[in-house]
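Trainee:
Protein chains in written order, with our numbering: chain A, 46 to 549; chain B, 13 to 214.
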C-alpha cells in the first residue's frame, strides 16, 4: 500500500491527536482524519474527493492560497499562527466557542505527485492558559505599578515632612510614653536636636529625654507626666546637658500622639538661653534703675540737705575755727555726692557690653600696673585660666587690690591671687596679710553704703560678678588678713591649670 | 571567492522580490499597511558574524531559522533584536507588549512572520534559478548570535549574505536582518547559477 492510498484511507493518521487534511495541488481532499471529522462534524466520506475550497471557501483568499501554492511548488512548510489564523477550519467546542488552532502545511512528494499535508493542532488550552497568564501578569504589573506609585507618593510625603521636621527652628523629640507618663526611649529626633545637644541622631536614639536633663524641671516630673496622660499635653522648662558638658535651658511643649499605633510624645524643645539672658538682663536693668533712682533721689538729696544745713550753720557761725570745720564737712559731703554720681556712671555700665572670656593673670597684671604698692608684693598664681565675665571684671580685681592696699594697715606686706576648686566651681582667692576685716563688719560687707570709703566698691563688685553667675564672699581671719573668694560656676571658666579640674 | 558588484546586485534583487511578496502577504493577513525593504546587502565571512555591529547591538536576539539542503545548502534566518521583535509583534497584532515579553503565542506569531519572509526569499531565489531545495521545519531561537548559531554545525559554514531588512508599519520603523548562511562552497554554486541565469559571472 503506497502513501497515497494510506492518505486516502487516512490509515494511521486517525490515531494522531491532531487534525490532518491531505490535499492534491487542485485542492482535492485525499485524507480527512477522524479528529477533523470530530471537530468539523463533517464525515470523511463527505469530504474526501471534494475540493477543500468548496468546504471552506475562504481558503481561496490570497493569505492562504499563495502560501499553500508555495508549498505545492516545493517551498518550505507554511506556518499559520494562532494569532493571525486562530480558526484555520471551523471547529466548534462542545461548550460553545471555537477551537484555537495552530496550523502547518507541509509538502509531501510521493509516487510522482505532490501533496500538501495540513496539520492542525488544537491549542485552545494553551491560549486559555496564556490569556490567563497575561491577565494575571497584567494585574500583577498594575498592582506593582500602583504600589510603586503609592510608595513614591509616600516617599515624597516622608521627604517633605522630614524636610519640615529638620528645617524648623526648634528641636523636635519624639519619644515613647511610659505607663506612668514618664518619657521612654527616643524614637526620632530632628537635625536641630542633634545640633542643639551635640549628639548624633543615632546616639540620641539609644537615650531617653531624662538622660539629657541636668537641671530642675519647672514643675515636679511626676506632675508633668500626669498632665500628659490626663490632658495630652504639658508645657514646662528644664535644662539639658550637651554632649560637651555645657547646659542649655529649654522650654518643652510636649504633646501626646499616636504614631504607627504607638503611644508617643512629640515634644517641641526650644532653646531659651536668649530668653533667659533677656529676662536676667531685664531684672538687672530693673534693679539698676531702682538703685539709681534711689541714689539720685534719696542719697544725693540727703547729702544736698546736709549741705544746706551746714551752709545755714556756717552762715550763723563767726568762729573761724568752727567755720573751717563746717567747710571741711561741706567738702566731705561734696566728695560723697561726687562718688555717688561716679557710682551711678559705673553702675550704669554693668551688663551693657557682652560678657567675654578674660584671662585672670592678665587682668591682675593690668590692674597692678595702675596701683601704687610700695613695699607690698603682689603674687599671681592663676595659670592660664580664663573666666567668662562682664567687661568690668577688671574693676572688681582693682577694687579688691585697692581695698587691700588702702585698709591693710601697717602689717600688710603681700597680696596673693590664687585658684582652688569647690565642687565643680572655680574659686579665685584674693588674700592679704594685713589687718583683716572685723567679724562684726563681715555680715554687711557687700551691702550698698557700707564701708570706710564710699561704701559702693564691694557692692558694685558683687553686681558685676553676678552678671555671669559668679558670687563673692569674704573668709579671712580678723587680725591676720582679708581673703575674698570669687566663686565661678561650671561652664564659666576654662583652661588647663585649674587644680583638680581638667575642664576646658 | 570573488563576489562582484553585479552578483551582490542580483542577490539584492532576488531578496527584494521575496520580501516584496512577503510584505504583500503580511498586509493581507493583518490589514495593516506594511512596507518591507532591503536597503543594504553585504557578503561576509561566517566567522566574522559575532563581531558584526548590527548583530551585537542588542545582546539578546530573536530568530526564525530555516535550514535548506540541495544544490546549495545552508540556513536562512530572520533576526531581530529582542526589543524590535516585541515592537513588530505589537504593531502587527495591536497588542501592548513590553520588551522581552514574548510568550508562547507571540513567539508563534513571530515564527509565522519569519516563515513568510524566509519562504518568500527562498521561493524567489529557487524560482528564478529553477532549483528545488529540501527544507527542515522552521525553528525559533533566542539568545546572542553565538547562541543562535550553535556550535554543532559552525565548522560547516563559510559565507553569509547579510541583508538589512526594514519593516515600515504605518509610522513605525523596525529593523531586522535577513541572514543567508551558506555551507562551504554553497555560495559559489549559488553565484554560478545566478551568473548563468543573468548572464554575468561571479
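Glycine included, C-beta positions come from ideal geometry on N, C-alpha and C.
Keep in mind that this is a model prediction, so the values were computed, not measured.
Check residue 93 of chain A in the structure and name its three-state DSSP category.
Mentor: As a first step, residue 93 of chain A must be located in the first chain, where it is residue number 48. Coil at residue 93 of chain A, not helix or strand.
Trainee: Any Cβ of chain A within less than 8 Å of the Cβ of residue 149 of chain B?
Mentor: As a working mapping, residue 149 of chain B is identified with position 137 in the second chain. Yes, because at least one Cβ of chain A sits closer than 8 Å to the Cβ of residue 149 of chain B.
Trainee: Residue 462 of chain A by DSSP, collapsed to three states: which one?
Mentor: As a position in the first chain, residue 462 of chain A is number 417, starting the count at 1. Note: residue 462 of chain A maps to strand in three-state DSSP.
Trainee: Is residue 37 of chain B helix, strand or coil by DSSP?
Mentor: Position 25 of the second chain, counted from the first residue, corresponds to residue 37 of chain B. Helix, per DSSP.
Trainee: Are three or more beta carbon pairs between the stretch 133 to 152 of chain B and the stretch 114 to 128 of chain A nearer than 8 Å?
Mentor: yes
Trainee: Use the C-beta contact count for residue 86 of chain B: other C-beta atoms within 10 angstroms, 16 or more gives buried, fewer gives exposed.
Mentor: As a first step, residue 86 of chain B must be located in the second chain, where it is residue number 74. Classification of residue 86 of chain B: buried, given that the 10 Å Cβ count is 16 or more.
Trainee: Any idea if residue 181 of chain A is buried or exposed, counting beta-carbon neighbours within 10 angstroms, 16 or more meaning buried?
Mentor: By one-based count along the first chain, residue 181 of chain A stands at place 136. So residue 181 of chain A ends up on the exposed side.
Trainee: Closer than 8 Å is the cut-off here; do at least three beta carbon pairs connect the stretch 439 to 458 of chain A with the stretch 20 to 30 of chain B?
Mentor: no
Trainee: Smallest Cα separation from residue 103 of chain B: which of B:162, B:210 and B:180?
Mentor: Working through the second chain from its first residue, we reach residue 103 of chain B at position 91. Ranking the options by Cα distance to residue 103 of chain B, first place goes to B:180.
Trainee: Quick check: is the beta carbon of residue 48 of chain A nearer than 8 Å to any beta carbon in chain B?
Mentor: On the first chain, residue 48 of chain A is found 3 positions in, with the first residue counted as 1. Only weak support exists for where residue 48 of chain A lies, its pLDDT of 45 falling under 50; the value from the coordinates is given anyway. Chain B, which has no Cβ nearer than 8 Å to the Cβ of residue 48 of chain A, makes this no.
Trainee: For residue 115 of chain B, go through chain A and note every residue whose CB falls closer than 8 Å to its CB, in chain order.
Mentor: Locating residue 115 of chain B in the second chain gives position 103, counting from the first residue. The contacting residues are 175, 178 and 179.
Trainee: Which residue marks the beginning of the alpha helix (DSSP H) containing residue 201 of chain B, and which one marks its end?
Mentor: Counting from 1 along the second chain, the entry for residue 201 of chain B is found at position 189. First-last of the alpha helix (DSSP H) with residue 201 of chain B: 198 to 210.
Trainee: Rounded to whole angstroms, what is the Cα-Cα separation between residue 197 of chain B and residue 162 of chain B?
Mentor: For this step, residue 197 of chain B is matched to residue 185 along the second chain. For this step, residue 162 of chain B is matched to residue 150 along the second chain. The C-alpha of residue 162 of chain B is placed about 20 Å away from the C-alpha of residue 197 of chain B.
Trainee: Below 8 Å, can you find three or more Cβ-Cβ pairs linking the stretch 272 to 280 of chain A to the stretch 297 to 304 of chain A?
Mentor: yes
Trainee: Where does the unbroken alpha helix (DSSP H) through residue 135 of chain B begin, and where does it stop?
Mentor: The residue you call residue 135 of chain B lines up with position 123 of the second chain. First-last of the alpha helix (DSSP H) with residue 135 of chain B: 116 to 141.
Trainee: Can you tell me which of B:137, B:121, B:177 and B:19 puts its alpha carbon nearest to the alpha carbon of residue 41 of chain B?
Mentor: Sequence index remark: in the second chain, residue 41 of chain B carries index 29 (1-based). If we check each option's Cα against that of residue 41 of chain B, B:121 comes out closest.
Trainee: Sort out for me which residues DSSP pairs residue 152 of chain B with in a bridge.
Mentor: Taking the second chain and counting its residues from 1, the one referred to as residue 152 of chain B is at position 140. In DSSP, residue 152 of chain B forms a bridge with B:76.
Trainee: Would you say residue 172 of chain A faces chain B, with C-beta separation under 8 Å as the test?
Mentor: As a first step, residue 172 of chain A is located in the first chain; it is residue number 127 there, counting from the start. At a cut-off of 8 Å between C-beta atoms, residue 172 of chain A counts as an interface residue with respect to chain B.
Trainee: Please state whether DSSP places residue 478 of chain A in a helix, a strand or coil.
Mentor: Taking the first residue of the first chain as 1, we reach residue 478 of chain A at position 433. DSSP places residue 478 of chain A in coil when its eight states are reduced to three.
Trainee: Which of the residues in the stretch 103 to 117 of chain A, read from start to end, lie with their CB under 8 Å from any CB of chain B?
Mentor: 106, 107, 108, 111, 112 and 115
Trainee: If you run the structure through DSSP and keep just helix, strand and coil, what is residue 44 of chain B?
Mentor: As a working mapping, residue 44 of chain B is identified with position 32 in the second chain. Residue 44 of chain B: coil per DSSP, three-state reduction.
Trainee: Should residue 448 of chain A be labelled buried (16 or more other beta-carbon atoms within 10 Å of its own) or exposed?
Mentor: Numbered from 1 along the first chain, position 403 holds the residue referred to as residue 448 of chain A. Residue 448 of chain A should be labelled buried.
Trainee: Quick one: is residue 65 of chain A near chain B, going by C-beta distance under 8 Å?
Mentor: What you label residue 65 of chain A is simply residue 20 of the first chain in a count that begins at 1. So no, residue 65 of chain A is outside the interface.
Trainee: Is the CB-CB distance between residue 413 of chain A and residue 457 of chain A below 8 Å?
Mentor: Locating residue 413 of chain A in the first chain gives position 368, counting from the first residue. Locating residue 457 of chain A in the first chain gives position 412, counting from the first residue. No, Cβ-Cβ distance for residue 413 of chain A and residue 457 of chain A is not below 8 Å.
Trainee: How about residue 185 of chain A: is its C-beta nearer than 8 Å to some C-beta of chain B?
Mentor: Position 140 of the first chain, counting from 1, holds the residue named residue 185 of chain A. Interface flag for residue 185 of chain A against chain B is unset, since no Cβ pair is found closer than 8 Å.
Trainee: Per DSSP, residue 124 of chain A forms a beta bridge with which residues?
Mentor: As a working mapping, residue 124 of chain A is identified with position 79 in the first chain. DSSP, once it has assigned bridges, lists A:149 as partnering residue 124 of chain A.
Trainee: May I ask you to report which of helix, strand or coil DSSP gives residue 294 of chain A?
Mentor: Looking up residue 294 of chain A in the first chain gives position 249. In this structure, residue 294 of chain A counts as strand in the three-state DSSP scheme.
Trainee: Three or more C-beta pairs closer than 8 Å, one from the stretch 526 to 537 of chain A and one from the stretch 92 to 109 of chain B: is that the case here?
Mentor: Contact between the stretch 526 to 537 of chain A and the stretch 92 to 109 of chain B is not established, with fewer than three Cβ pairs separated by less than 8 Å.
Trainee: Among the residues of its own chain, which have a CB less than 6 Å from the CB of residue 131 of chain A, if the five just before and after it don't count?
Mentor: On the first chain, residue 131 of chain A is found 86 positions in, with the first residue counted as 1. Counting only Cβ-Cβ distances below 6 Å, and skipping sequence neighbours, we find 145.
Trainee: Expressed to the nearest angstrom, what Euclidean distance is found between the alpha-carbon atoms of residue 546 of chain A and residue 286 of chain A?
Mentor: Here the question's residue 546 of chain A lines up with position 501 in the first chain. Here the question's residue 286 of chain A lines up with position 241 in the first chain. At residue 546 of chain A, the pLDDT of 42 sits below 50, so the modelled position is not reliable and the matter cannot be decided from this model.
Trainee: Could you please give me the residues that DSSP links to residue 159 of chain A through a beta bridge?
Mentor: Here the question's residue 159 of chain A lines up with position 114 in the first chain. Its beta-bridge partners are A:154.
Trainee: Is the Cβ of residue 142 of chain B closer than 8 Å to any Cβ of chain A?
Mentor: Stepping through the second chain from its first residue, residue 142 of chain B is reached at position 130. No, because no Cβ of chain A sits closer than 8 Å to the Cβ of residue 142 of chain B.
Trainee: Residues of chain A with CB closer than 9 Å to the CB of residue 130 of chain B, please, in chain order.
Mentor: Taking the first residue of the second chain as position 1, residue 130 of chain B is located at position 118. Correct list: 121.
Trainee: How do the stretch 369 to 388 of chain A and the stretch 425 to 441 of chain A stand: do at least 3 beta-carbon pairs fall below 8 Å, yes or no?
Mentor: Cβ pair count under 8 Å is below three, so no.
Trainee: Taking residue 98 of chain A as the query, report the chain B residues whose CB atoms sit under 9 Å from its CB, ordered along the chain.
Mentor: For the purposes of this step, residue 98 of chain A is taken as residue 53 along the first chain, with counting starting at 1. None at all; the shortest Cβ gap to chain B is about 17 Å.
Trainee: Can you pull the chain B residues whose beta carbon is under 8 Å from the beta carbon of residue 274 of chain A, in chain order?
Mentor: Here residue 274 of chain A is taken as the residue at index 229 of the first chain, counted from 1. What residue 274 of chain A touches in chain B: nothing, since even the nearest Cβ is about 56 Å away.
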